[in-house]
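Undergrad: Quick one: the structure is below, questions incoming.
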Amino acid sequence: MTSVSFFIILEQDSCPRIAAAFAFLLFLLHDLDLLALQDIRARRAGRFAFKVMLFVFLFVFLFPGFLFLLELAVVEISTLITHINIHLSGILPISLNRDRLSLYSM
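Remember, the numbering used here sits 163 above the position in the sequence shown when you count from 1.
So this is what it looks like as structure tokens:
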């Protein structure tokens with residue numbers, strides 16, 4: 164809850180780039196608790212994710228056009244995933260029905 168209120172304060176202080184960067188960092192850190200990780204591979208993955216988040220934060224802060232490209236990439240990827248899901252949901256039942264028909268005819 165504190166991170167959400169911090170994000171709202173940043174957004175209201177007319178710092179949209181900083182607010183967006185912090186929102187992205189919070190999104191990536193949502194389920195990541197570096198202190199509670201016991202597995203060495205998970206710790207390494209956590210450190211790598213943290214370095215990526217810092218890089219993205221600095222890049223967004225220094226280059227405002229990068230945020231636009233990042234938003235565009237997220238929208239395009241989510242649209243692509245939606246189209247794939249719609250496409251698969253339309254095709255998959257038909258192919259399953261055909262397989263069932265071929266099994267029943269044997």
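Heads up, the beta-carbon is just placed ideally off N, CA and C, and yes, glycines get one too.
How big is the Cα-Cα spacing for F231 and V238?
TA: Within the sequence shown, the letter at position 68 stands for residue 231. Within the sequence shown, the letter at position 75 stands for residue 238. About 11 Å.
Undergrad: With DSSP as the reference, label S226 as helix, strand or coil.
TA: As a position in the sequence shown, residue 226 is number 63, starting the count at 1. Sequence inspection shows Phe at residue 226; the Ser mentioned does not correspond to that position. Reduced to three states, the DSSP call for F226 is coil.
Undergrad: Can you give me the C-alpha to C-alpha distance between D217 and R210, rounded to a whole angstrom?
TA: Residue numbering aside, residue 217 sits at position 54 when the sequence shown is read from its first letter. Residue numbering aside, residue 210 sits at position 47 when the sequence shown is read from its first letter. In the sequence on display, residue 217 carries Leu and not Asp. Cα to Cα, L217 sits roughly 11 Å from R210.
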